[in-house]
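**Q** Protein chains in written order, with our numbering: chain A, 23 to 499; chain B, 23 to 499.
Number of protein chains: 2
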Amino acid sequence: MGRKGEVQVIQTEYRYQQLENWLLQAIAEQRWRLGERLPSIRALCEQQGVSKATVQHALQRLEAQGLVEARPKAGYFVALQPRAARAPRNLARIEAPRPVTVSELFLDIMRRGAAFDLLPDLHAGDLPPGIVALNRAIGRALRRQKGDDHQYYDAPAGEMALREQLALHGARRGWQVQPEQLCVTSGCQHALFLALMACCRKGDVVAVESPGFYGVLQLLEQLELQVIEVPTSSETGLDIDALERVLQRWDIRACVVSPAFATPSGALMPPAARQRLLALAEQFDLAIIEDDIYADTAFVQVPDPLKALDTGERVILCSSFSKALSRDLRLGWIAGGRWHERILHLKLVTQLASSRYLQRGVAEFMADGSFAAHLRRQRSELRSRRDRLIASLHDWPGEIRVSTPQGGLAVWLELPEPADTLGAYPRALEQGLVITPGPLFSVSGQFRNCLRISFAHPWDGRRIEALNRLPELLLPS
Amino acid sequence: MGRKGEVQVIQTEYRYQQLENWLLQAIAEQRWRLGERLPSIRALCEQQGVSKATVQHALQRLEAQGLVEARPKAGYFVALQPRAARAPRNLARIEAPRPVTVSELFLDIMRRGAAFDLLPDLHAGDLPPGIVALNRAIGRALRRQKGDDHQYYDAPAGEMALREQLALHGARRGWQVQPEQLCVTSGCQHALFLALMACCRKGDVVAVESPGFYGVLQLLEQLELQVIEVPTSSETGLDIDALERVLQRWDIRACVVSPAFATPSGALMPPAARQRLLALAEQFDLAIIEDDIYADTAFVQVPDPLKALDTGERVILCSSFSKALSRDLRLGWIAGGRWHERILHLKLVTQLASSRYLQRGVAEFMADGSFAAHLRRQRSELRSRRDRLIASLHDWPGEIRVSTPQGGLAVWLELPEPADTLGAYPRALEQGLVITPGPLFSVSGQFRNCLRISFAHPWDGRRIEALNRLPELLLPS
Numbered sequence: 023m024g025r026k027g028e029v030q031v032i033q034t035e036y037r038y039q040q041l042e043n044w045l046l047q048a049i050a051e052q053r054w055r056l057g058e059r060l061p062s063i064r065a066l067c068e069q070q071g072v073s074k075a076t077v078q079h080a081l082q083r084l085e086a087q088g089l090v091e092a093r094p095k096a097g098y099f100v101a102l103q104p105r106a107a108r109a110p111r112n113l114a115r116i117e118a119p120r121p122v123t124v125s126e127l128f129l130d131i132m133r134r135g136a137a138f139d140l141l142p143d144l145h146a147g148d149l150p151p152g153i154v155a156l157n158r159a160i161g162r163a164l165r166r167q168k169g170d171d172h173q174y175y176d177a178p179a180g181e182m183a184l185r186e187q188l189a190l191h192g193a194r195r196g197w198q199v200q201p202e203q204l205c206v207t208s209g210c211q212h213a214l215f216l217a218l219m220a221c222c223r224k225g226d227v228v229a230v231e232s233p234g235f236y237g238v239l240q241l242l243e244q245l246e247l248q249v250i251e252v253p254t255s256s257e258t259g260l261d262i263d264a265l266e267r268v269l270q271r272w273d274i275r276a277c278v279v280s281p282a283f284a285t286p287s288g289a290l291m292p293p294a295a296r297q298r299l300l301a302l303a304e305q306f307d308l309a310i311i312e313d314d315i316y317a318d319t320a321f322v323q324v325p326d327p328l329k330a331l332d333t334g335e336r337v338i339l340c341s342s343f344s345k346a347l348s349r350d351l352r353l354g355w356i357a358g359g360r361w362h363e364r365i366l367h368l369k370l371v372t373q374l375a376s377s378r379y380l381q382r383g384v385a386e387f388m389a390d391g392s393f394a395a396h397l398r399r400q401r402s403e404l405r406s407r408r409d410r411l412i413a414s415l416h417d418w419p420g421e422i423r424v425s426t427p428q429g430g431l432a433v434w435l436e437l438p439e440p441a442d443t444l445g446a447y448p449r450a451l452e453q454g455l456v457i458t459p460g461p462l463f464s465v466s467g468q469f470r471n472c473l474r475i476s477f478a479h480p481w482d483g484r485r486i487e488a489l490n491r492l493p494e495l496l497l498p499s
Numbered sequence: 023m024g025r026k027g028e029v030q031v032i033q034t035e036y037r038y039q040q041l042e043n044w045l046l047q048a049i050a051e052q053r054w055r056l057g058e059r060l061p062s063i064r065a066l067c068e069q070q071g072v073s074k075a076t077v078q079h080a081l082q083r084l085e086a087q088g089l090v091e092a093r094p095k096a097g098y099f100v101a102l103q104p105r106a107a108r109a110p111r112n113l114a115r116i117e118a119p120r121p122v123t124v125s126e127l128f129l130d131i132m133r134r135g136a137a138f139d140l141l142p143d144l145h146a147g148d149l150p151p152g153i154v155a156l157n158r159a160i161g162r163a164l165r166r167q168k169g170d171d172h173q174y175y176d177a178p179a180g181e182m183a184l185r186e187q188l189a190l191h192g193a194r195r196g197w198q199v200q201p202e203q204l205c206v207t208s209g210c211q212h213a214l215f216l217a218l219m220a221c222c223r224k225g226d227v228v229a230v231e232s233p234g235f236y237g238v239l240q241l242l243e244q245l246e247l248q249v250i251e252v253p254t255s256s257e258t259g260l261d262i263d264a265l266e267r268v269l270q271r272w273d274i275r276a277c278v279v280s281p282a283f284a285t286p287s288g289a290l291m292p293p294a295a296r297q298r299l300l301a302l303a304e305q306f307d308l309a310i311i312e313d314d315i316y317a318d319t320a321f322v323q324v325p326d327p328l329k330a331l332d333t334g335e336r337v338i339l340c341s342s343f344s345k346a347l348s349r350d351l352r353l354g355w356i357a358g359g360r361w362h363e364r365i366l367h368l369k370l371v372t373q374l375a376s377s378r379y380l381q382r383g384v385a386e387f388m389a390d391g392s393f394a395a396h397l398r399r400q401r402s403e404l405r406s407r408r409d410r411l412i413a414s415l416h417d418w419p420g421e422i423r424v425s426t427p428q429g430g431l432a433v434w435l436e437l438p439e440p441a442d443t444l445g446a447y448p449r450a451l452e453q454g455l456v457i458t459p460g461p462l463f464s465v466s467g468q469f470r471n472c473l474r475i476s477f478a479h480p481w482d483g484r485r486i487e488a489l490n491r492l493p494e495l496l497l498p499s
């Protein structure tokens, strides 16, 4: 490939190298686009008049460069290209702690955007086999109700059978947790609410990722907590240096962080940053609220939770089944560390209990391996959807930057200035499209030229058509 | 019956009078105890050698005196006797507003007592047909899930089909409510939490019934609200005169009241008191939080809610299916009046949404008449259980006073001093019995000699045996 002006003398070129170069060129010309399947090995043999071993050799070399991806029993697919890997810049400024005021427009966006979908009226696709199995397990649990079971409230911590399964699920990620350290909630937002209520008091300052999850900002507003936004990269997550400067300057009670595929950035926090975060928590007497909700969507390997490293019981892990299984279950969990008893009390006082038959059904679904099978199927599906989305962004005019998350359900886009995604929101809505503008992920007016786009839903024709309408809505012509 | 020493000259006595007196005597001697069935009309004809018309005449006279009760197709039953009708006295003192501190022991009691059962490990009885129908309806709703339904969150207000059914249910009680004015919650405790969070701010004073529901006291503590307890009678509920004096003296933000079969008193607030309460709310700019959870258990007629009289949108009605249908559903509702939008926002921020398939199942269960049928069956069952409980209290030594609620799930007992129900709690627990001591229903240490006993569960042999062990535990020998 050589630098410009350099004379390349290629004495001999093996057949596999010729094939490799031909494939590289064809991918660069987008003969097959990101996420699309290459011709089969047999087809390549025939087309190029080479042996199977030669084709395999060339493909393995491309795979090693990260340009194609092998999927068992499916073939080779075009993987991320250099252009797509240009990540959004780290834009967030650091501003002093402040109370949170979320506008009415933001509330409207949050209400609609909760569906995580550009086209929320589409309702396409088939019920995945995992959901069919889940519904059957819940149905069986319902039919097993007997006597006056229905006359009892569950214990506030939740059904032991489910907590046992959750503990096993944690153990697979290097997290040794006892069922007694867990509390079942009505989803992750409920868990975050309990966590913040347990470790903060009105007026306390909470550090959050910027850009970060709007649901947390809304909670801070309602609980009358102050916020400080810490710059967050779409590759490595929360900027620990920035956090340290913030902690040295202000008195911070808690930090909400999403080390695994944070929304909107999709970042995965590296191990060293995790260690530093916990050391800072110890040094500055911080509570760490870990939003772990996207971990199970990991495309390759589910990362260990931050909580697994938590020797000081300072991490409150919050999660739910909403992103990796079903948003309609309304089941989540929280591991409250040193705040566990207080969290149980708050769960009891604000909601009494969760439904036992539902928890039993989900516990059985986990115990018989159906949950793991569902996650396996879903991961490659999600990765394809991500690739399909990023590929289509290549057609957008102008210079855009996009995250390439290894898990989660969305990419984060940085559009050329002066794009105004918030201004585009009502125009999109007129066309039946719900977009998630960048400023939703901050309270300081940043990220006006940024946008989160979800790949949670299948890219059927109408959704692709909707996606293709976005450049006109978003980009200055 | 005459006073002692009085000479009774009975000139003539009709046959029906003779029979009436004979029945009165037999009831007084407890030949049939409270709640038991009298011999059939045919059997009485044969035993007493009288005509059917004579028996009917005598029974109707006893019924008019409230001593027996006719139940269609079942016969005549011994109803409340004068001794049983001696209601607990109105003991509550008025003390200045104060912050709420609930002890750890209270928390333990609340956790265990949530089961509302003396013998929580018994799990006796059969699944009622209403619950079987409910579970089937939920199962059908699960099976109807399709496409990517599971990928969407419900709107914060909840599923329209359920809100429509709840509005119809309200209309049958003289309450004209639109589905758009309702919000679905995770039970009544969750509704009460949303209500208090919506209309109060930290430090505000909230008036509550005394004795009143411990769940509210716990909520006030967690939300850092102050409480003022207003004396409450076991017959007419909240003492409106006392409330007026309280309002004249202190600045009160909200009043939590349970006009229909309040726990623990079981009181039903008379119409005039309701009108006065709403007038006071208007005069003193009060929010009224109506806990309506027991209304559907009414033994005779479901009373109209206070909310039906609320022209100023000052009443926030909170309820759920937990008492009249199933505690494991975890479904409730709230009609927030002028605070409706704020409540929707709080629901969204603290929990996002409720489960749609579950709401659809319950909506169908209501729409096909199964809920109404369940309530009809349950009412006479609950009344019998109440009567059976009160009858057994007759055997307790000493002078006890007991409420005779016309709905709800519990009676309120006043034991002779120096009974100490709180002191008896750990002793009862050692025997596997969970009692609900009076002081739980107040934060001021009152009601030490009082006790709530539930009749929510069937009186099978073991539960009766448990009940019979209470006098020894509770009464000073």
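Each residue gets a CB set at the ideal place from its N, CA and C atoms; glycine is no exception.
What is the DSSP secondary structure of Glu126/B, reduced to helix, strand or coil?
**A** helix
**Q** Identify every run of the beta strand (DSSP E) within the segment 464-496 of chain B, keeping only runs that are complete inside it and at least 3 residues long; order them along the chain.
**A** 472-476
**Q** Since Ala183/B and Phe387/B should fall inside the 8 Å C-beta cutoff, what is the C-beta to C-beta distance between them, to a whole number of angstroms?
**A** With a Cβ gap of about 11 Å, Ala183/B and Phe387/B do not count as contacting.
**Q** If we count the other Cβ atoms within 10 Å of its Cβ and call it buried at 16 or more, is Gln323/A buried or exposed?
**A** exposed
**Q** Check whether the segment 472-483 of chain A touches the segment 427-443 of chain A, taking contact to mean three or more Cβ pairs, one atom from each stretch, closer than 8 Å.
**A** yes
**Q** Looking at the unbroken beta strand (DSSP E) that takes in Leu339/A, where does it start and where does it end?
**A** Val337 to Ser342
**Q** Check each candidate in Leu129/A, Arg37/A, Arg59/A and Leu60/A and name the one with the smallest Cα separation from Glu363/B.
**A** Measuring C-alpha to C-alpha distances from Glu363/B to each of Leu129/A, Arg37/A, Arg59/A and Leu60/A identifies Leu129/A as the nearest.
**Q** So who's on the other strand from Phe99/A, going by DSSP bridges?
**A** For Phe99/A, which the question treats as bridged, DSSP gives the partners Arg59/A and Glu91/A.
**Q** Based on the DSSP secondary-structure assignment, which residues constitute the bridge partners of Glu312/A?
**A** Val279/A and Leu339/A
**Q** First and last residue of the alpha helix (DSSP H) that includes Ile365/A?
**A** His362 to Gln373
**Q** Quick check on the DSSP output: the alpha helix (DSSP H) that includes Gly445/B runs from which residue to which?
**A** Thr443 to Glu452
**Q** Give me the residue from Ala320/B, Val268/B and Ala309/B with the minimum Cα distance to Ala289/B.
**A** Ala320/B
**Q** In terms of residues, what are the limits of the alpha helix (DSSP H) holding Cys221/B?
**A** Cys210 to Cys221
**Q** Reducing DSSP to helix, strand and coil, say where Arg423/B ends up.
**A** Residue state, collapsed to three classes: strand.
**Q** In terms of residues, what are the limits of the alpha helix (DSSP H) holding Val77/B?
**A** Per DSSP, Val77/B belongs to the alpha helix (DSSP H) from Lys74 to Ala86.
**Q** Could you tell me how far apart the beta carbons of Arg336/A and Leu308/A are, in whole angstroms, since I believe they sit closer than 8 Å?
**A** Yes, they are in contact, since the Cβ atoms of Arg336/A and Leu308/A sit about 7 Å apart, within 8 Å.
**Q** To the nearest angstrom, report how far apart Ala450/A and Leu127/A are at their CA atoms.
**A** Those two C-alpha atoms are separated by around 14 Å.
**Q** Between Pro104/B and Asp409/B, what straight-line distance do the alpha-carbon atoms span, to the nearest angstrom?
**A** Residue confidence for Pro104/B is low, a pLDDT of 45 falling below 50, so the modelled location carries little weight; the figure read from the coordinates is stated next. Looking at the two C-alpha atoms, the distance is approximately 13 Å.
**Q** Check whether the Cβ atoms of Leu204/B and Trp355/B sit closer than 9 Å, and answer yes or no.
**A** Cβ atoms of Leu204/B and Trp355/B: closer than 9 Å.
**Q** Starting from Ser4/A and walking both ways along the beta strand (DSSP E), at which residues does that stretch end?
**A** Because chain A spans 23 through 499 in this model, residue 4/A falls outside it and cannot be assessed.
**Q** Does DSSP classify Arg405/B as helix, strand or coil?
**A** helix
**Q** Assuming Val8/A and Val278/A form a contact by the criterion Cβ under 8 Å, report the distance between their Cβ atoms to the nearest whole angstrom.
**A** An answer regarding residue 8/A cannot be provided, because it is not within the stretch 23 to 499 covered by chain A.
**Q** Using the C-alpha atoms, what's the distance from Leu368/B back to Val206/B?
**A** Straight through space, the alpha carbons of Leu368/B and Val206/B are spaced by roughly 12 Å.
**Q** Just confirm the distance between the C-beta atoms of Ala357/A and Ile338/A, as a whole number of angstroms; I'd bet it's less than 8 Å.
**A** 7 Å
**Q** Name the DSSP bridge partner or partners of Leu455/A?
**A** In DSSP, Leu455/A forms no bridge with anything.
**Q** Cα separation between Pro454/B and Ile131/B?
**A** A quick correction: the sequence has Gly, not Pro, at residue 454/B. Cα-Cα distance, rounded: 13 Å.
**Q** The beta strand (DSSP E) that contains Val206/B, what's its start and end?
**A** Leu204 to Thr207
**Q** Count the other CB atoms within 10 Å of the CB of Thr123/A; is the residue buried (16 or more) or exposed (fewer)?
**A** When all chains shown are included, Thr123/A counts as exposed.
**Q** Output needed for Thr258/B: all residues of its chain with C-beta closer than 7 Å, excluding positions within five of it in sequence on either side, in chain order.
**A** Excluding residues within five positions, the ones whose Cβ falls inside 7 Å are Ala289, Met291, Pro292 and Ala295.
**Q** Give the DSSP-derived three-state secondary structure of Gly259/B in the structure shown.
**A** strand
**Q** What are the residues of the segment 277-306 of chain A that lie near chain B, defined by any Cβ-Cβ distance shorter than 9 Å?
**A** Residues are counted here when their Cβ sits less than 9 Å from a Cβ of chain B; for the segment 277-306 of chain A the count is zero.
**Q** Can we say the segment 343-352 of chain A touches the segment 168-178 of chain B, given the rule of at least three CB pairs closer than 8 Å?
**A** yes
**Q** Along the alpha helix (DSSP H) that carries Val238/A, what are the first and last residues, could you check?
**A** Tyr236 to Gln244
**Q** Would Ala177/A and Ala385/A qualify as a contact pair, given that the criterion is a beta-carbon distance under 9 Å?
**A** no
**Q** Could you check where the beta strand (DSSP E) with Val433/B kicks off and where it finishes?
**A** Ala432 to Glu436
**Q** Going by the DSSP bridge assignment, what does Ile356/A pair with across the sheet?
**A** Cys205/A and Cys340/A
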